[in-house]
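The structure appears below as structure tokens.
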Amino acid sequence: MTTTEGQCAVCSKPGKLCASCENIHYCGRDCQKADWAVHKLLCRSFKNARDPPGPNMMRVIVFPFNSTKIEFRWMPINRRKVHRPNSGHFFGTDNQWKKNSPALTDFRSFVQDPKTGKRLRHRITIQFRDEYQTDGSIPNIAINNLVGGSSLLKFAGPIIAYGNVDVKQGTETQSINLDTSDLKIIKDWFTYGFFKCKNEQFYRDRLEGRGNVLNVDETKECIDTWEKEQRAMGKPVREFTAEEAGSPE
């Protein structure tokens, strides 16, 4: 997926396609320069990965553990309830339960911008070795190079990022082909982790009845801010009663 409706990948103003990859938009040199440190890692390789080599394939982004080179790769779609890439032996073969079978893996999935909380155009999932913290996996050089240091969760071993349409629970979740515009969001997730709402703990305290932690004016201000954040992320807002909100009315 290219940037939404020709919008600049940095400021969301109308933009022009990058002349090299013809995949991402920029409104001008300033925004292109601001994004270049990340975009350059995939820009020139996109043309070779533009079209699938066959049917039932999904384009993912792979992060080798022993190289700084991040790259696109087409993988067969594993058509379960949630479409996932069939990664073969990409993660190794040291499966303790079944000899010579692919290594066991785990996932982290997000659909909110890690910095702003804004809902993304699609869900992004990070797949990694299940026991990378204890199995002797080498720290992932590609990710460390991307974030300019160690990632928040100190990932080791090979990593795959892939996309899915974000749909309601109970329906089959189709795959999305990731492109150059996804790398900045993935970098932010490796750096900051999941988005954290500044009033989340207060909201939980009020919802669970842990006491009147703030005075009336502070309570109302926090609730109003929380509701604005939730609506901006496209989430439903729970209706508080006057008593729950600490209102004198």
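So the sequence shown is numbered by UniProt numbering: it starts at 1 and just counts up by one. C-beta: ideal position from N, C-alpha, C; glycine also. As the structure is a computational prediction, the values presented were derived from the model and not from experiment.
Q: Consult DSSP for I159 and reduce its assignment to one of helix, strand or coil.
A: If DSSP states are grouped into helix, strand and coil, I159 belongs with the strands.
(Q) Taking 8 Å as the threshold (C-beta atoms), are C21 and F46 in contact? (A) yes
Q: In angstroms with no decimal places, state the Cα-to-Cα distance between T125 and D224.
A: 31 Å
Q.
Restricting to Cα atoms, I'd like to know which of I77, L41 and P114 is closest to T173.
A. I77
Q | Rounded straight-line distance, which links the Cα of R231 to that of I185 | A | 21 Å
Q) Near residue 251, what residues of its chain come up, given a Cβ to Cβ distance below 7 Å and the 5 sequence neighbours on each side ignored? A) Beyond the ends of the chain as shown, which are 1 and 249, falls residue 251; an answer cannot be given.
Q | For F110 and G157, believed in contact at Cβ under 8 Å, the rounded distance | A | Wrong, their Cβ atoms sit about 20 Å apart, outside the cutoff.
Q) Going by DSSP, what residues sit across from W74 in a beta bridge? A) R59
Q) Straight-line CA distance for H83 to M58? A) Distance between the alpha carbons of H83 and M58: 9 Å.
Q: Return the residue from the list N48, S67, R50 and R73 that minimises the CA-CA distance to V60.
A: Comparing alpha carbon positions, the residue from N48, S67, R50 and R73 closest to V60 is R73.
Q) Is it buried or exposed for T105, if we count other Cβ within 10 angstroms and need 16 for buried? A) buried
(Q) With H, G and I counted as helix, E and B as strand and the rest as coil, what does DSSP make of R29? (A) helix
Q. Any idea which residues DSSP pairs E173 with across the strands?
A. First, the amino acid is wrong: residue 173 is Thr here, not Glu. Per DSSP, V82.
Q) In whole angstroms, what is the alpha-carbon distance linking G6 and D94? A) 45 Å
Q) Relative to the C-alpha of D51, which residue among L146, L178, K228 and M233 is closest? A) Per the Cα distances, L178.
Q. From what residue to what residue does the beta strand (DSSP E) around T105 run?
A. It spans T105 to Q112 - the beta strand (DSSP E) in which T105 sits, taken as one unbroken run.
Q) According to DSSP, is F190 helix, strand or coil? A) helix
Q) Between the beta-carbon of G117 and the beta-carbon of C197, is there less than 8 Å? A) yes
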